[in-house]
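When the letters of the sequence shown are read in order and numbered with our numbering, they come out as residues 1 to 176.
Have a look at the structure below before the remarks.
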Amino acid sequence: MRSRRKQKLSFSKILLTTVWVILGVGIVLLIFRLVLKSGFQPPLASYVVQSGSMEPSIMTGDIILIRPEMQYSLNDVITFRDQKKRVITHRITDVQAQSGKTIFLTKGDANRSIDIEFVPLENVVGKVQFVVPKLGFFVSFAKSTAGIILLVIVPATIIVSDELGSLRSSLGKKRV
C-alpha cells in the first residue's frame, strides 16, 4: 500500500513539476517576444568565430560577445558586415573620413595584409567586449542535426520511456 502511494506521489510530483516548467518557459518566451516587439535590442550579441584570421587573440571556435558603440578607435576589434553581408571580426588599423563619413581599415591579426574593403561606420555591428574560449564548438554542434539528436531527442526519449515504464509498472500492480 505504501509503495503505491509513493508511486502515485512521485508521478504526480513529476507531472506537477513538468507543468510548472512548461508554464515557466512559456512565460519567459512570452516576455522575450514582447521585449523584441517593443524594439529593444539586447546590449550584447554573440557570434561563433569560424576562421583563424584573429589568432592568437581570438581563436576558431571561440564565442565573441559584441556591443554597439557610439565611436570606434584604432586597435579596437570590431565585428562588421562586408559587401557580401558576411559577418567578419577584425582589428581597426586606421580610421579615416571619406566624403564626410567615417570609414575603417581593418586587418585580421593572423593576416599578412590589411583588408581590401573599407568598412563604413554603418556596417559595424559592434566592438568585441568579451571572448569565451572554445564554447563555440559546443554551440555549433548543438545546432547541427547530430547535436539536436544527441542533446535533445535521445535524452527526451530516455525520460519518456522511463516514465512510461514506471506508469506501466504502477498500472500492472493495480490490476493484481
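All C-beta atoms in this analysis are idealised placements derived from N, C-alpha and C, irrespective of residue type, glycine included.
DSSP has Ser46 in a bridge; who is on the other side? The partner list for Ser46 (beta bridge, DSSP) reads Leu65.
Chain-order list of residues whose beta-carbon lies under 7 Å from that of Lys101 (same chain, five-residue window excluded): The answer, listed in chain order, is Pro120, Leu121.
Taking 8 Å as the threshold, find out whether the segment 81–91 comes into contact with the segment 143–159 through three or more Cβ pairs. Because the criterion of three Cβ pairs below 8 Å is not met, the segment 81–91 and the segment 143–159 do not touch.
Beta-carbon proximity list for Ile14, same chain, < 8 Å, skipping 5 on both sides: Glu163.
Alpha carbons only, please: which of Asn111, Asp82, Gln71, Arg112 is nearest the one belonging to Gln96? For Gln96, the closest C-alpha among the options Asn111, Asp82, Gln71, Arg112 is that of Gln71.
Quick check on Phe130: does DSSP put it in helix, strand or coil? Strand.
If you draw a straight line from the alpha carbon of Arg243 to that of Val25, how long is it in whole angstroms? Because the chain in this structure spans residues 1 to 176, residue 243 falls outside the shown range and cannot be described.
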